[in-house]
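**Q**
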Amino acid sequence: MAKSPQCQSCGMPMNKPEEFGTEKDGTRSEKYCLKCYEMGSWTNPDATFDEFYEISLKGFQESDMSKVGKFFLNKMYTKKFLKKLERWR
Numbered sequence: 001m002a003k004s005p006q007c008q009s010c011g012m013p014m015n016k017p018e019e020f021g022t023e024k025d026g027t028r029s030e031k032y033c034l035k036c037y038e039m040g041s042w043t044n045p046d047a048t049f050d051e052f053y054e055i056s057l058k059g060f061q062e063s064d065m066s067k068v069g070k071f072f073l074n075k076m077y078t079k080k081f082l083k084k085l086e087r088w089r
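The sequence shown stops at residue 89 when you use UniProt numbering, and every number in between is there.
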């Protein structure tokens, strides 16, 4: 089974077309989710890494994904994990 692409800003798995962000021309972004990237721009362009981390962590905790368990939450939302993503390198 192929692994779902992961947003290279927040790490969210992107399984459905509507979960992908969009480029300026309206085409689907191959790298970023709709929560991070719309119409070729960041949805929160002025956020520092630490601010973005806090926003993303809160959103993740409020999502259905957080029900996977604390182990996944701890692994997924560490600063070390996010810093490996393309946007934050």
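Note that beta-carbon positions come from the ideal geometry of N, C-alpha and C, so glycine has one too.
In angstroms, rounded to a whole number, what distance separates the CA positions of L57 and K79?
**A** Rounded to the nearest angstrom, the two C-alpha atoms are 10 Å apart.
**Q** Mapping the DSSP letters down to three states, classify K35 as helix, strand or coil.
**A** Coil, per DSSP.
**Q** Go through its chain and collect everything with a Cβ distance to L82's Cβ below 7 Å, but skip five positions before and after it.
**A** The answer, listed in chain order, is G11, Y53 and W88.
**Q** Taking K22 as the reference, give the member of W42, I55 and E62 with the closest Cα.
**A** For clarity, residue 22 is Thr in the given sequence; the question names Lys instead. Of the candidates W42, I55 and E62, the one whose C-alpha sits nearest the C-alpha of T22 is W42.
**Q** To the nearest angstrom, how far is it from the Cα of G26 to the Cα of F20?
**A** Their backbone Cα atoms lie some 11 Å apart in a straight line.
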